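Student: Right, I'll just put the structure down here and ask away after.
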Amino acid sequence: MKTFLRICSRLSWNRGFLGFWMALLLSTALSAGPEIYSKVEVSVQSPADIALLQQQDITVEHFRFNPQRGIELVLNQEELARLDAAGLSYTVLTADLAAAYRDRRPPTAAELEVGRRIMAGDNIEGFELGSMGGFYTYNEITAVLDTMYA
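Take any residue in the sequence shown, note its place counting from 1, add 251, and you have its number in my numbering.
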């Protein structure tokens, strides 16, 4: 019986210790807030510059290329710091993409009608455009999925 009590007391201490660390990790993760993404234009002069970006662990999978100016990338703040450390010339086009989408003017009735005509011509029914540049935000897509489930 004493052995059983000793094991139980250790388990309860370990559970409390584990609970403390889990709560600490969760509160740290929640206090960090949403990640900020920026649109940047990087001056790329040669394939070696692309290789340098990849060596700095900067994602170069999806980009827009302009032969005169370079490439446009969307980077999080960690990647932006690594780009700065790499020494390549760059310009921040949009510092906070989420804020830029949130603050842009809503589409006019004429613009919405053009979109509806395109969707009708492609036989798309039961679908509306999202509020973030026509795309759904996370909250909007979860609301749509919830209505599908119900």
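C-beta atoms are modelled at their ideal positions from N, C-alpha and C, and glycine is treated no differently.
Bear in mind the structure is a predicted one, so any value in this text is a computation, not a measurement.
1) Report yes if the C-beta distance between Glu-330 and Thr-310 is below 8 angstroms; otherwise report no.
2) Which residues in the same chain as Tyr-352 place their Cβ atom closer than 6 angstroms to its Cβ, once the five residues preceding and following it in sequence are excluded?
3) Going by other Cβ atoms of all chains shown within 10 Å of its Cβ, with 16 needed for buried, is Ser-289 buried or exposed?
4) Find the nearest neighbour of Tyr-341 within the set Ala-349, Asn-327, Val-395 and Val-291, judged by alpha-carbon distance.
5) Indicate the three-state DSSP secondary structure (helix, strand or coil) for Asn-327 in the structure shown.
6) Identify whether Glu-292 lies in helix, strand or coil by the three-state DSSP scheme.
7) Just mark Val-343 as buried or exposed, buried being the case when its beta carbon has 16 or more other beta carbons within 10 Å.
Tutor: Reading from the atomic positions:
1) Within the sequence shown, numbered from 1, the residue matching residue 330 stands at position 79. Within the sequence shown, numbered from 1, the residue matching residue 310 stands at position 59. The beta carbons of Glu-330 and Thr-310 sit closer together than 8 angstroms.
2) Along the sequence shown, read from residue 1 onward, the residue named residue 352 stands at position 101. By the criterion of a C-beta distance shorter than 6 angstroms, Tyr-352 is surrounded in its chain by Met-383 and Gly-384, once the five residues flanking it on both sides are discounted.
3) Against the sequence shown, residue 289 aligns to sequence position 38. So Ser-289 counts as buried.
4) For the purposes of this step, residue 341 is taken as the residue at position 90 of the sequence shown. Looking at the Cα atoms, Val-291 is the closest of the given residues.
5) Here the question's residue 327 lines up with position 76 in the sequence shown. Three-state result, Asn-327: strand.
6) Numbered from 1 along the sequence shown, position 41 holds the residue referred to as residue 292. Glu-292 falls in the strand class under three-state DSSP.
7) Reading the sequence shown from its first residue, position 92 is the one you call residue 343. Result: exposed.
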